[in-house]
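A quick write-up on the structure given underneath.
Structure (C-alpha coordinates):
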(Lines of atoms letter the chains of each structure in order from A and count residues from 1; the text may use other names and numbers.)
(Lines give C-alpha, C1' and ligand atoms only; values in the text may rest on other atoms or scores of the structure.)
Protein backbone atom coordinates (compact mmCIF):
# COMPACT_ATOMS: atom_id res chain seq x y z
CA UNK A 1 0.00 0.00 0.00
CA UNK A 2 2.80 2.42 0.91
CA UNK A 3 4.42 1.68 -2.44
CA UNK A 4 1.24 2.60 -4.32
CA UNK A 5 0.92 5.83 -2.33
CA UNK A 6 4.53 6.77 -3.03
CA UNK A 7 4.31 6.00 -6.75
CA UNK A 8 1.05 7.94 -7.08
CA UNK A 9 2.68 10.92 -5.38
CA UNK A 10 5.62 10.65 -7.79
CA UNK A 11 3.19 10.63 -10.71
CA UNK A 12 1.49 13.74 -9.31
CA UNK A 13 4.79 15.61 -9.15
CA UNK A 14 5.73 14.61 -12.69
CA UNK A 15 2.21 15.53 -13.87
CA UNK A 16 2.70 19.01 -12.42
CA UNK A 17 5.90 19.25 -14.48
CA UNK A 18 4.36 17.99 -17.73
CA UNK A 19 1.40 20.31 -17.27
CA UNK A 20 3.62 23.35 -16.69
CA UNK A 21 5.87 22.90 -19.73
CA UNK A 22 4.28 23.76 -23.11
CA UNK A 23 4.40 20.86 -25.51
CA UNK A 24 5.20 18.21 -22.89
CA UNK A 25 2.28 15.78 -22.94
CA UNK A 26 1.79 13.09 -20.28
CA UNK A 27 1.59 10.47 -23.02
CA UNK A 28 5.24 11.24 -23.81
CA UNK A 29 6.21 10.33 -20.25
CA UNK A 30 3.87 7.33 -20.09
CA UNK A 31 5.08 5.70 -23.29
CA UNK A 32 8.72 6.58 -22.66
CA UNK A 33 8.48 4.81 -19.29
CA UNK A 34 7.68 1.49 -20.95
CA UNK A 35 11.36 0.42 -21.19
CA UNK A 36 11.73 1.02 -17.43
CA UNK A 37 8.63 -1.05 -16.74
CA UNK A 38 9.71 -3.94 -18.97
CA UNK A 39 13.31 -3.97 -17.76
CA UNK A 40 12.54 -3.92 -14.03
CA UNK A 41 10.41 -5.88 -11.60
CA UNK A 42 7.84 -3.11 -11.23
CA UNK A 43 4.39 -4.64 -10.83
CA UNK A 44 1.47 -3.63 -13.03
CA UNK A 45 -0.55 -2.19 -10.10
CA UNK A 46 2.40 0.03 -9.20
CA UNK A 47 2.75 1.21 -12.80
CA UNK A 48 -0.99 1.90 -13.07
CA UNK A 49 -0.83 3.99 -9.88
CA UNK A 50 1.96 6.04 -11.44
CA UNK A 51 0.03 6.54 -14.70
CA UNK A 52 -3.13 7.55 -12.80
CA UNK A 53 -1.26 10.05 -10.63
CA UNK A 54 0.53 11.54 -13.63
CA UNK A 55 -2.60 11.81 -15.78
CA UNK A 56 -4.83 13.36 -13.13
CA UNK A 57 -2.21 15.84 -11.95
CA UNK A 58 -1.54 16.91 -15.52
CA UNK A 59 -5.20 17.87 -16.01
CA UNK A 60 -4.98 20.29 -13.08
CA UNK A 61 -1.73 21.91 -14.24
CA UNK A 62 -1.83 22.00 -18.05
CA UNK A 63 -3.88 25.21 -18.04
CA UNK A 64 -0.89 27.18 -16.77
CA UNK A 65 0.83 27.50 -20.19
CA UNK A 66 -2.57 27.90 -21.87
CA UNK A 67 -3.55 30.83 -19.65
CA UNK A 68 -0.22 32.58 -19.11
CA UNK A 69 1.64 31.81 -22.35
CA UNK A 70 -1.24 31.21 -24.80
CA UNK A 71 0.41 27.84 -25.46
CA UNK A 72 -2.33 25.29 -24.86
CA UNK A 73 -2.55 21.59 -25.51
CA UNK A 74 -5.45 20.27 -27.61
CA UNK A 75 -7.48 19.77 -24.40
CA UNK A 76 -6.92 23.31 -23.11
CA UNK A 77 -6.92 25.16 -26.44
CA UNK A 78 -10.25 26.90 -25.83
CA UNK A 79 -8.89 28.30 -22.54
CA UNK A 80 -6.11 30.28 -24.21
CA UNK A 81 -8.37 33.12 -25.38
CA UNK A 82 -10.33 34.00 -22.19
CA UNK A 83 -7.32 33.06 -20.06
CA UNK A 84 -4.95 35.38 -21.95
CA UNK A 85 -7.47 38.22 -21.70
CA UNK A 86 -7.70 37.78 -17.94
CA UNK A 87 -3.90 37.66 -17.63
CA UNK A 88 -3.62 41.02 -19.41
CA UNK A 89 -6.05 42.43 -16.84
CA UNK A 90 -4.07 40.96 -13.95
CA UNK A 91 -6.64 38.22 -13.27
CA UNK A 92 -4.59 35.20 -14.36
CA UNK A 93 -4.67 33.61 -10.90
CA UNK A 94 -8.46 33.83 -10.89
CA UNK A 95 -8.60 32.27 -14.37
CA UNK A 96 -6.46 29.35 -13.21
CA UNK A 97 -8.60 29.03 -10.07
CA UNK A 98 -11.66 28.52 -12.28
CA UNK A 99 -10.04 25.57 -14.06
CA UNK A 100 -9.07 23.96 -10.76
CA UNK A 101 -12.58 24.30 -9.34
CA UNK A 102 -13.90 22.77 -12.55
CA UNK A 103 -11.78 19.69 -11.87
CA UNK A 104 -13.19 19.48 -8.34
CA UNK A 105 -16.75 19.66 -9.65
CA UNK A 106 -15.99 16.93 -12.19
CA UNK A 107 -14.59 14.60 -9.53
CA UNK A 108 -17.66 15.24 -7.37
CA UNK A 109 -19.98 14.40 -10.26
CA UNK A 110 -18.02 11.24 -11.10
CA UNK A 111 -18.19 10.12 -7.47
CA UNK A 112 -21.95 10.62 -7.26
CA UNK A 113 -22.82 9.14 -10.66
CA UNK A 114 -20.26 6.33 -10.98
CA UNK A 115 -22.73 3.60 -9.84
CA UNK A 116 -24.95 4.54 -12.79
CA UNK A 117 -22.02 4.20 -15.19
CA UNK A 118 -21.44 0.59 -14.18
CA UNK A 119 -25.09 -0.33 -14.80
CA UNK A 120 -25.91 1.87 -17.80
CA UNK A 121 -22.69 2.52 -19.71
CA UNK A 122 -22.48 -0.90 -21.36
CA UNK A 123 -26.13 -1.18 -22.56
CA UNK A 124 -26.23 2.46 -23.64
CA UNK A 125 -22.96 2.08 -25.54
CA UNK A 126 -24.22 -1.12 -27.20
CA UNK A 127 -27.33 0.75 -28.31
CA UNK A 128 -25.36 3.72 -29.61
CA UNK A 129 -22.85 1.50 -31.42
CA UNK A 130 -25.41 0.97 -34.15
CA UNK A 131 -25.47 4.72 -34.71
CA UNK A 132 -21.82 5.42 -33.94
CA UNK A 133 -20.93 6.17 -37.56
CA UNK A 134 -23.60 8.88 -37.61
CA UNK A 135 -22.41 10.26 -34.26
CA UNK A 136 -18.82 10.44 -35.43
CA UNK A 137 -19.90 11.93 -38.75
CA UNK A 138 -21.84 14.58 -36.85
CA UNK A 139 -18.81 15.52 -34.74
CA UNK A 140 -16.61 15.63 -37.83
CA UNK A 141 -18.99 18.02 -39.58
CA UNK A 142 -19.42 20.02 -36.38
CA UNK A 143 -15.72 20.73 -35.84
CA UNK A 144 -15.41 21.85 -39.48
CA UNK A 145 -18.34 24.28 -39.32
CA UNK A 146 -17.45 25.41 -35.79
CA UNK A 147 -14.13 26.62 -37.22
CA UNK A 148 -15.57 27.29 -40.64
CA UNK A 149 -12.87 28.43 -43.06
CA UNK A 150 -10.93 26.78 -45.86
CA UNK A 151 -8.01 26.12 -43.54
CA UNK A 152 -10.32 24.23 -41.13
CA UNK A 153 -11.45 21.93 -43.92
CA UNK A 154 -7.82 21.47 -44.98
CA UNK A 155 -6.64 20.64 -41.45
CA UNK A 156 -9.52 18.21 -40.97
CA UNK A 157 -8.78 16.41 -44.25
CA UNK A 158 -5.02 16.24 -43.66
CA UNK A 159 -5.39 15.14 -40.02
CA UNK A 160 -7.85 12.44 -41.02
CA UNK A 161 -5.46 11.22 -43.70
CA UNK A 162 -2.60 11.10 -41.17
CA UNK A 163 -4.75 8.99 -38.86
CA UNK A 164 -5.74 6.55 -41.58
CA UNK A 165 -2.17 6.14 -42.83
CA UNK A 166 -0.48 6.07 -39.41
CA UNK A 167 -2.69 3.28 -38.10
CA UNK A 168 -1.74 1.13 -41.08
CA UNK A 169 2.02 1.76 -41.06
CA UNK A 170 4.35 -1.17 -40.34
CA UNK A 171 5.51 0.19 -36.98
CA UNK A 172 4.67 -0.67 -33.39
CA UNK A 173 1.08 0.54 -33.17
CA UNK A 174 1.32 0.84 -29.38
CA UNK A 175 3.51 3.93 -29.89
CA UNK A 176 2.32 5.46 -33.16
CA UNK A 177 0.09 7.97 -31.35
CA UNK A 178 3.16 9.55 -29.76
CA UNK A 179 4.56 11.16 -32.96
CA UNK A 180 1.03 11.83 -34.21
CA UNK A 181 -0.10 13.82 -31.17
CA UNK A 182 3.32 15.35 -30.57
CA UNK A 183 3.37 16.68 -34.13
CA UNK A 184 -0.20 17.93 -34.20
CA UNK A 185 -0.23 19.60 -30.80
CA UNK A 186 3.03 19.58 -28.82
CA UNK A 187 5.58 20.72 -31.42
CA UNK A 188 3.58 23.75 -32.67
CA UNK A 189 2.83 24.85 -29.07
CA UNK A 190 6.46 24.61 -28.00
CA UNK A 191 7.86 26.37 -31.07
CA UNK A 192 5.25 29.13 -30.91
CA UNK A 193 6.33 29.98 -27.37
CA UNK A 194 9.97 29.65 -28.44
CA UNK A 195 9.69 32.29 -31.18
CA UNK A 196 7.22 34.60 -29.42
CA UNK A 197 8.02 37.55 -27.17
CA UNK A 198 5.71 37.43 -24.18
CA UNK A 199 5.57 39.48 -20.99
CA UNK A 200 3.33 38.56 -18.06
CA UNK A 201 2.16 41.57 -16.04
CA UNK A 202 1.78 41.46 -12.27
CA UNK A 203 -1.24 39.41 -11.24
CA UNK A 204 -3.78 40.31 -8.56
CA UNK A 205 -5.28 38.14 -5.85
CA UNK A 206 -7.58 35.23 -6.58
CA UNK A 207 -11.32 35.87 -6.67
CA UNK A 208 -12.63 32.57 -5.33
CA UNK A 209 -15.84 32.04 -7.26
CA UNK A 210 -17.42 28.77 -8.35
CA UNK A 211 -19.48 28.06 -11.47
CA UNK A 212 -21.38 24.83 -10.92
CA UNK A 213 -23.14 25.23 -14.25
CA UNK A 214 -19.88 25.48 -16.17
CA UNK A 215 -18.43 22.56 -14.21
CA UNK A 216 -21.40 20.28 -14.88
CA UNK A 217 -21.38 21.16 -18.60
CA UNK A 218 -17.69 20.30 -18.63
CA UNK A 219 -18.42 17.01 -16.89
CA UNK A 220 -20.90 16.08 -19.62
CA UNK A 221 -18.26 16.99 -22.21
CA UNK A 222 -15.82 14.70 -20.44
CA UNK A 223 -18.40 11.92 -20.49
CA UNK A 224 -18.68 12.32 -24.27
CA UNK A 225 -14.90 12.45 -24.73
CA UNK A 226 -14.37 9.45 -22.48
CA UNK A 227 -16.81 7.18 -24.28
CA UNK A 228 -17.16 8.24 -27.95
CA UNK A 229 -14.11 7.03 -29.93
CA UNK A 230 -11.95 9.72 -31.47
CA UNK A 231 -13.81 12.64 -29.91
CA UNK A 232 -11.32 14.34 -27.63
CA UNK A 233 -11.94 16.80 -24.82
CA UNK A 234 -11.43 19.79 -27.10
CA UNK A 235 -14.05 18.70 -29.65
CA UNK A 236 -16.54 17.68 -26.94
CA UNK A 237 -16.15 21.04 -25.20
CA UNK A 238 -16.58 22.94 -28.47
CA UNK A 239 -19.80 21.01 -29.07
CA UNK A 240 -21.26 22.19 -25.74
CA UNK A 241 -19.72 25.68 -25.84
CA UNK A 242 -22.99 27.39 -26.94
CA UNK A 243 -24.38 26.50 -23.49
CA UNK A 244 -21.57 28.40 -21.75
CA UNK A 245 -22.05 32.12 -21.27
CA UNK A 246 -19.00 33.84 -19.76
CA UNK A 247 -15.29 33.42 -19.02
CA UNK A 248 -15.91 31.90 -15.61
CA UNK A 249 -18.13 29.17 -17.05
CA UNK A 250 -15.77 28.55 -19.99
CA UNK A 251 -12.70 28.06 -17.81
CA UNK A 252 -14.55 26.06 -15.15
CA UNK A 253 -16.04 23.83 -17.83
CA UNK A 254 -12.65 23.21 -19.42
CA UNK A 255 -11.17 22.24 -16.07
CA UNK A 256 -14.04 19.83 -15.55
CA UNK A 257 -13.85 18.17 -18.97
CA UNK A 258 -10.17 17.30 -18.70
CA UNK A 259 -10.44 15.75 -15.25
CA UNK A 260 -13.68 13.89 -15.89
CA UNK A 261 -12.28 12.56 -19.18
CA UNK A 262 -9.51 10.74 -17.27
CA UNK A 263 -11.91 9.15 -14.77
CA UNK A 264 -14.47 8.22 -17.44
CA UNK A 265 -11.76 6.71 -19.65
CA UNK A 266 -10.72 4.36 -16.82
CA UNK A 267 -14.35 3.34 -16.28
CA UNK A 268 -14.84 2.86 -20.03
CA UNK A 269 -11.71 0.71 -20.20
CA UNK A 270 -13.04 -1.54 -17.45
CA UNK A 271 -16.73 -1.67 -18.46
CA UNK A 272 -16.46 -1.44 -22.24
CA UNK A 273 -12.89 -2.72 -22.67
CA UNK A 274 -12.28 0.32 -24.88
CA UNK A 275 -9.31 2.68 -24.48
CA UNK A 276 -10.29 6.34 -24.80
CA UNK A 277 -7.22 8.21 -23.50
CA UNK A 278 -3.45 7.96 -23.61
CA UNK A 279 -3.41 6.61 -20.06
CA UNK A 280 -6.00 3.94 -20.81
CA UNK A 281 -4.23 3.01 -24.06
CA UNK A 282 -1.01 2.45 -22.10
CA UNK A 283 -2.77 0.28 -19.53
CA UNK A 284 -4.59 -1.71 -22.21
CA UNK A 285 -1.28 -2.29 -23.99
CA UNK A 286 0.12 -3.96 -20.87
CA UNK A 287 -2.84 -6.21 -20.13
CA UNK A 288 -6.52 -6.52 -19.26
CA UNK A 289 -7.91 -4.26 -16.54
CA UNK A 290 -9.10 -6.71 -13.88
CA UNK A 291 -11.18 -5.65 -10.87
CA UNK A 292 -8.14 -5.20 -8.57
CA UNK A 293 -6.29 -3.22 -11.23
CA UNK A 294 -9.36 -1.09 -11.90
CA UNK A 295 -9.71 -0.31 -8.19
CA UNK A 296 -6.02 0.60 -8.15
CA UNK A 297 -6.50 2.97 -11.08
CA UNK A 298 -9.56 4.68 -9.62
CA UNK A 299 -8.22 4.77 -6.08
CA UNK A 300 -4.92 6.26 -7.24
CA UNK A 301 -6.85 8.80 -9.32
CA UNK A 302 -8.81 10.01 -6.30
CA UNK A 303 -5.61 10.14 -4.26
CA UNK A 304 -3.99 12.13 -7.06
CA UNK A 305 -6.83 14.67 -6.88
CA UNK A 306 -6.25 15.10 -3.15
CA UNK A 307 -2.52 15.57 -3.69
CA UNK A 308 -2.88 17.82 -6.74
CA UNK A 309 -5.24 20.41 -5.26
CA UNK A 310 -2.88 21.82 -2.61
CA UNK A 311 -0.04 21.56 -5.12
CA UNK A 312 -1.67 23.78 -7.76
CA UNK A 313 -1.16 27.07 -5.92
CA UNK A 314 2.49 26.27 -5.29
CA UNK A 315 3.03 25.14 -8.88
CA UNK A 316 1.49 28.36 -10.18
CA UNK A 317 3.93 30.46 -8.13
CA UNK A 318 6.91 28.42 -9.33
CA UNK A 319 5.63 28.61 -12.91
CA UNK A 320 5.34 32.41 -12.85
CA UNK A 321 8.81 32.78 -11.35
CA UNK A 322 10.24 30.38 -13.90
CA UNK A 323 8.87 32.10 -17.01
CA UNK A 324 10.22 35.43 -15.72
CA UNK A 325 13.71 34.33 -14.67
CA UNK A 326 14.43 30.94 -16.22
CA UNK A 327 15.56 30.25 -19.78
CA UNK A 328 12.31 28.70 -20.99
CA UNK A 329 13.70 28.28 -24.50
CA UNK A 330 16.26 25.79 -23.18
CA UNK A 331 13.48 23.77 -21.58
CA UNK A 332 11.42 23.83 -24.77
CA UNK A 333 14.36 22.70 -26.88
CA UNK A 334 14.94 19.87 -24.42
CA UNK A 335 11.29 18.83 -24.71
CA UNK A 336 11.49 18.81 -28.51
CA UNK A 337 14.70 16.78 -28.35
CA UNK A 338 13.05 14.23 -26.06
CA UNK A 339 10.06 13.95 -28.41
CA UNK A 340 12.36 13.36 -31.39
CA UNK A 341 14.54 10.87 -29.52
CA UNK A 342 11.57 8.85 -28.26
CA UNK A 343 10.02 8.84 -31.71
CA UNK A 344 13.20 7.42 -33.21
CA UNK A 345 13.55 4.85 -30.43
CA UNK A 346 9.98 3.55 -30.52
CA UNK A 347 8.90 4.00 -34.14
CA UNK A 348 12.07 4.46 -36.21
CA UNK A 349 12.34 6.41 -39.46
CA UNK A 350 8.67 6.00 -40.35
CA UNK A 351 7.71 7.47 -36.98
CA UNK A 352 9.95 10.48 -37.61
CA UNK A 353 8.24 10.94 -40.97
CA UNK A 354 4.85 10.88 -39.20
CA UNK A 355 6.18 13.41 -36.67
CA UNK A 356 7.35 15.80 -39.40
CA UNK A 357 4.14 15.58 -41.44
CA UNK A 358 1.97 15.88 -38.32
CA UNK A 359 3.97 18.93 -37.21
CA UNK A 360 3.38 20.66 -40.55
CA UNK A 361 -0.36 20.08 -40.24
CA UNK A 362 -0.18 21.11 -36.58
CA UNK A 363 1.46 24.41 -37.53
CA UNK A 364 -1.32 25.11 -40.00
CA UNK A 365 -3.97 24.32 -37.37
CA UNK A 366 -2.14 26.43 -34.79
CA UNK A 367 -1.66 29.57 -36.84
CA UNK A 368 -5.12 29.36 -38.44
CA UNK A 369 -6.69 28.86 -34.99
CA UNK A 370 -8.52 25.62 -35.80
CA UNK A 371 -6.73 23.20 -33.48
CA UNK A 372 -9.85 21.15 -32.67
CA UNK A 373 -9.99 20.17 -36.36
CA UNK A 374 -6.79 18.17 -35.81
CA UNK A 375 -8.83 15.70 -33.72
CA UNK A 376 -9.99 14.32 -37.06
CA UNK A 377 -6.82 12.24 -36.80
CA UNK A 378 -8.83 9.91 -34.54
CA UNK A 379 -12.38 10.62 -35.66
CA UNK A 380 -11.82 9.70 -39.32
CA UNK A 381 -10.22 6.26 -38.68
CA UNK A 382 -12.92 5.52 -36.09
CA UNK A 383 -15.59 6.56 -38.60
CA UNK A 384 -14.11 4.23 -41.22
CA UNK A 385 -14.10 1.42 -38.70
CA UNK A 386 -17.80 1.82 -37.88
CA UNK A 387 -18.61 2.13 -41.58
CA UNK A 388 -16.90 -1.22 -42.09
CA UNK A 389 -14.21 0.17 -44.38
CA UNK A 390 -11.60 -1.89 -42.58
CA UNK A 391 -9.50 0.70 -40.74
CA UNK A 392 -8.84 -0.51 -37.22
CA UNK A 393 -8.42 1.84 -34.27
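In the numbering used here, the protein residues as written are 176 to 568.
Even for Gly, the Cβ is constructed at its ideal location relative to N, Cα and C.
The structure presented is a predicted model; accordingly, all values stated were derived computationally and were not measured.
At what residue ranges does the region 346–402 contain a whole run of the alpha helix (DSSP H), taking only runs of 4 or more?
352–356, 362–370 and 387–402
Going straight from the alpha carbon of residue 206 to that of residue 525, what length do you get?
17 angstroms
How many whole angstroms separate the CB atoms of residue 338 and residue 552, which I take to be in contact at a CB cut-off of 8 angstroms?
4 angstroms
Between residue 313 and residue 332, what straight-line distance do the alpha-carbon atoms span, to the nearest angstrom?
Each residue's alpha carbon lies about 15 angstroms from the other.
Exposure label - residue 465; buried when at least 16 CB within 10 Å:
exposed
Could you tell me if residue 309 is buried or exposed, where buried requires 16 or more neighbouring beta carbons within 10 angstroms of its beta carbon?
exposed
Put residue 233 into one of helix, strand or coil per three-state DSSP.
helix
Taking 8 angstroms as the threshold (C-beta atoms), are residue 359 and residue 533 in contact?
yes
Whole-Å CB distance - residue 425 paired with residue 257, under 8 angstroms assumed
5 angstroms
Presumed contact (8 angstroms Cβ cut-off) between residue 427 and residue 401, rounded CB distance
Taking 8 angstroms as the upper bound for CB-CB distance, residue 427 and residue 401 are not in contact here, some 18 angstroms apart.
Any alpha helix (DSSP H) of 4 or more consecutive residues that is wholly inside the region 430–508
Segments of the alpha helix (DSSP H) lying fully in the region 430–508: 453–461 and 466–500.
Alpha carbon of residue 444 to alpha carbon of residue 377, nearest angstrom:
44 angstroms
In terms of residue numbering, what span does the alpha helix (DSSP H) encompassing residue 297 cover?
267–304
Do residue 350 and residue 521 count as a contact pair if the criterion is CB distance below 8 angstroms?
yes
Cβ-based neighbour list, residue 478, same chain, cut-off 6 angstroms, excluding 5 preceding and 5 following
183
Give me the Cα-Cα distance between residue 345 and residue 560, rounded to the nearest whole angstrom.
19 angstroms
Around the C-beta of residue 517, are 16 or more other C-beta atoms found within 10 angstroms, so that it is buried, or is it exposed?
buried
Could you tell me the distance, in whole angstroms, from the CA atom of residue 429 to the CA atom of residue 193?
Taking the straight line from one Cα to the other gives about 18 angstroms.
Since residue 510 and residue 282 should fall inside the 8 angstroms C-beta cutoff, what is the C-beta to C-beta distance between them, to a whole number of angstroms?
At roughly 29 angstroms, the Cβ-Cβ gap does not stay under 8 angstroms, so residue 510 and residue 282 are not in contact.
Taking all protein chains shown into account, decide if residue 149 is buried (16 or more other Cβ within 10 angstroms of its Cβ) or exposed.
Because the chain spans 176 through 568 in this model, residue 149 falls outside it and cannot be assessed.
Of the choices 187, 504 and 213, whose alpha-carbon is the least far from that of residue 460?
213
How is residue 215 classed by DSSP in three states: helix, strand or coil?
coil
Quick one, are the C-beta atoms of residue 491 and residue 271 less than 8 angstroms apart?
The criterion of a C-beta distance shorter than 8 angstroms is satisfied by residue 491 and residue 271.
Quick check: what's the CA-CA separation for residue 208 versus residue 504?
25 angstroms
Within the same chain, show all residues whose beta-carbon is closer than 7 angstroms to that of residue 567, passing over the 5 residues directly before and after it, in chain order.
The predicted position of residue 567 is uncertain, since its pLDDT is 46 and thus under 50; no value can be drawn from it.
Look at residue 431 and residue 397 and say whether their C-beta atoms are less than 8 angstroms apart.
yes
Quick one, are the C-beta atoms of residue 557 and residue 244 less than 8 angstroms apart?
no
Selection from 539, 563 and 562 that minimises the alpha carbon distance to residue 573:
Since the first residue of the chain shown is 176 and the last is 568, residue 573 is not available in this structure.
Among 381, 267, 325 and 232, whose alpha-carbon lies nearest the alpha-carbon of residue 189?
Closest by alpha carbon: 232.
Inter-stretch contact at 8 angstroms, needing at least 3 Cβ pairs: the region 260–271 / the region 218–233
no
Unbroken alpha helix (DSSP H) run spanning residue 336, endpoints:
325–341
Using a 10 Å radius around the Cβ and a threshold of 16 neighbouring Cβ atoms, would you call residue 467 buried or exposed?
exposed
If I follow the unbroken alpha helix (DSSP H) through residue 203, where does it start and stop?
201–207
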